[in-house]
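Enquirer: Structure incoming, see below.
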Amino acid sequence: MKKLIYLFLIIILLVPKQSKAQDGAAAAVGAAAVVGGIIGAAVSAENNRERLELIATNYILKNYPNLRGFSVKVLSHNSTTLKDLSGVKCVIFAFSEYETSMGDKLKNEVLLMFDSNSWINKYGTKTYQRIAVRLDRNKWNTLLKKYYAAASPFPMNEDNTMPIYQYVGSDSEDSTIEGVLRLKNYDSKTNFDYYKKLTDTFNFRNNYQNKKNGLWKNTYKKIGFPFYNKLNGDTYFLNDFNDDIKIVFNENKLGFYIKETNELIQMKEGVVKQVTDYIN
Numbered sequence: 020m021k022k023l024i025y026l027f028l029i030i031i032l033l034v035p036k037q038s039k040a041q042d043g044a045a046a047a048v049g050a051a052a053v054v055g056g057i058i059g060a061a062v063s064a065e066n067n068r069e070r071l072e073l074i075a076t077n078y079i080l081k082n083y084p085n086l087r088g089f090s091v092k093v094l095s096h097n098s099t100t101l102k103d104l105s106g107v108k109c110v111i112f113a114f115s116e117y118e119t120s121m122g123d124k125l126k127n128e129v130l131l132m133f134d135s136n137s138w139i140n141k142y143g144t145k146t147y148q149r150i151a152v153r154l155d156r157n158k159w160n161t162l163l164k165k166y167y168a169a170a171s172p173f174p175m176n177e178d179n180t181m182p183i184y185q186y187v188g189s190d191s192e193d194s195t196i197e198g199v200l201r202l203k204n205y206d207s208k209t210n211f212d213y214y215k216k217l218t219d220t221f222n223f224r225n226n227y228q229n230k231k232n233g234l235w236k237n238t239y240k241k242i243g244f245p246f247y248n249k250l251n252g253d254t255y256f257l258n259d260f261n262d263d264i265k266i267v268f269n270e271n272k273l274g275f276y277i278k279e280t281n282e283l284i285q286m287k288e289g290v291v292k293q294v295t296d297y298i299n
């Protein structure tokens, strides 16, 4: 509601200036129509956000009856890519549990809510289905690691941390370096690129760049976590996350395959970064 108040004040300040620059009643009518359209769209968006937050609140009250305090708000209401043709919509909520002695927030979490209008039940009837997944920082980061690991021949560390590799070259002598790992690259002289593992591990709180060929801390020196080379849009790499979801890597997009509805959605890169920044 505060956003609507701020928007209304801005319009009050701007519209008179526009009206003075134009002549007659037509300008006033046009300005009024613009104002009405902007306010109407803002009110509609605000009402939709509040409706979504009410849905999430009702879900939390029903499924987590032992909670003593929490907050929930929409983090992203349009999380899927434009190319996503599935019947599934994904809304992501920022969710926090509160303790009651001092009213302090315990930690940031997210609630992913998948809504499908095209689920076919065992009787062959199209029905509506809603699946929600609650993730804290550890679970979300584990999900990301499974996502990136699906697109790379290089393994995670034994303690499930995400290693960082550095490119050392593509010549045959580079293959003799102790502990070096190879990645197929038909454009190189030896058909392989060679990487060595560094002692550092990925910290998702830090800056990194998600490129088609890897997740990089330093793109110039190729320091990061490399992916398979030359992946096309028809290539999918998979990793199980839990009983409800399979993680899918395709076109450098995080995909969720909902097992219960047999549907795949792809999440926008910006939304993945938004959730990662919020939860870490």
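Residue 20 is where the sequence shown starts when you use the working numbering, and the numbers rise one by one after that. Ideal Cβ positions, reconstructed from N, Cα and C, are used throughout, including at glycine. Because the structure is a prediction, the values reported are computed rather than measured.
Quick check: the stretch 66–84 against the stretch 251–266, are there 3 or more CB pairs under 8 Å?
Expert: In short, these stretches do not touch, since the Cβ pair count stays below three.
Enquirer: Which value, in whole angstroms, describes the spacing of the CA atoms of Glu177 and Ala168?
Expert: Approximately 13 Å between the Cα atoms of the pair.
Enquirer: At which residues does the alpha helix (DSSP H) containing Lys165 begin and terminate?
Expert: From DSSP, the alpha helix (DSSP H) with Lys165 extends over 156–169.
Enquirer: CA-CA distance, Asn127 and Val187?
Expert: Roughly 39 Å separates the two Cα atoms.
Enquirer: Apart from the five residues on each side of it in sequence, which residues of its chain come closer than 7 Å, Cβ to Cβ, to Lys203?
Expert: Counting only Cβ-Cβ distances below 7 Å, and skipping sequence neighbours, we find Asn210, Phe211, Asn248.
Enquirer: For Tyr227, I'd like the list of residues in its chain whose CB is within less than 8 Å of its CB, leaving aside the five on either flank, ordered along the chain.
Expert: Within the same chain, Tyr227 has close Cβ partners Phe221, Leu234, Trp235, Lys236, Gly243.
Enquirer: Candidates Asn179, Lys208, Phe173, Phe114: which alpha carbon is nearest Lys198's?
Expert: Here residue 198 turns out to be Gly, not Lys, going by the sequence shown. With distances taken between Cα atoms, Gly198 lies closest to Phe173.
Enquirer: Count the other CB atoms within 10 Å of the CB of Val294; is the residue buried (16 or more) or exposed (fewer)?
Expert: That one is buried.
Enquirer: In angstroms with no decimal places, state the Cα-to-Cα distance between Gln285 and Thr100.
Expert: Their backbone Cα atoms lie some 6 Å apart in a straight line.
Enquirer: Which residue's Cα is closest to the Cα of Ile265: Ser95, Lys165, Met175, Leu80?
Expert: Reading the sequence as shown, one finds Lys at residue 265 and not Ile. The option with the nearest alpha carbon to Lys265 is Lys165.
Enquirer: When the distance is taken between beta carbons, is Ala151 closer than 9 Å to Leu125?
Expert: For Leu125 and Ala151, no; Cβs fall outside 9 Å.
Enquirer: Determine the direct distance from the alpha carbon of Ser194 to that of Lys208, and round the result to whole angstroms.
Expert: If you take the alpha carbons of Lys208 and Ser194, they lie about 12 Å apart.
Enquirer: Can you say whether Met181 is buried or exposed, counting buried as having 16 or more other CB atoms within 10 angstroms of its CB?
Expert: With 16 or more other Cβ atoms within 10 Å, it is buried.
Enquirer: Let me check understanding here. Comparing Cα to Cα, which of Arg153, Gln148, Asp253, Ser90 lies closest to Glu118?
Expert: Per the Cα distances, Ser90.
Enquirer: Does Gly274 pass the burial test, meaning 16 or more other C-beta atoms within 10 Å, or should it be called exposed?
Expert: Classification of Gly274: buried, given that the 10 Å Cβ count is 16 or more.
Enquirer: Is Leu250 near Val267, with beta carbons less than 9 Å apart?
Expert: No, they are not a contact pair.
Enquirer: If contacts are defined as beta-carbon pairs under 8 Å, then Leu154 and Phe223 qualify, I think. What distance do you get, rounded to the angstrom?
Expert: Leu154 to Phe223, Cβ: 13 Å. No contact.
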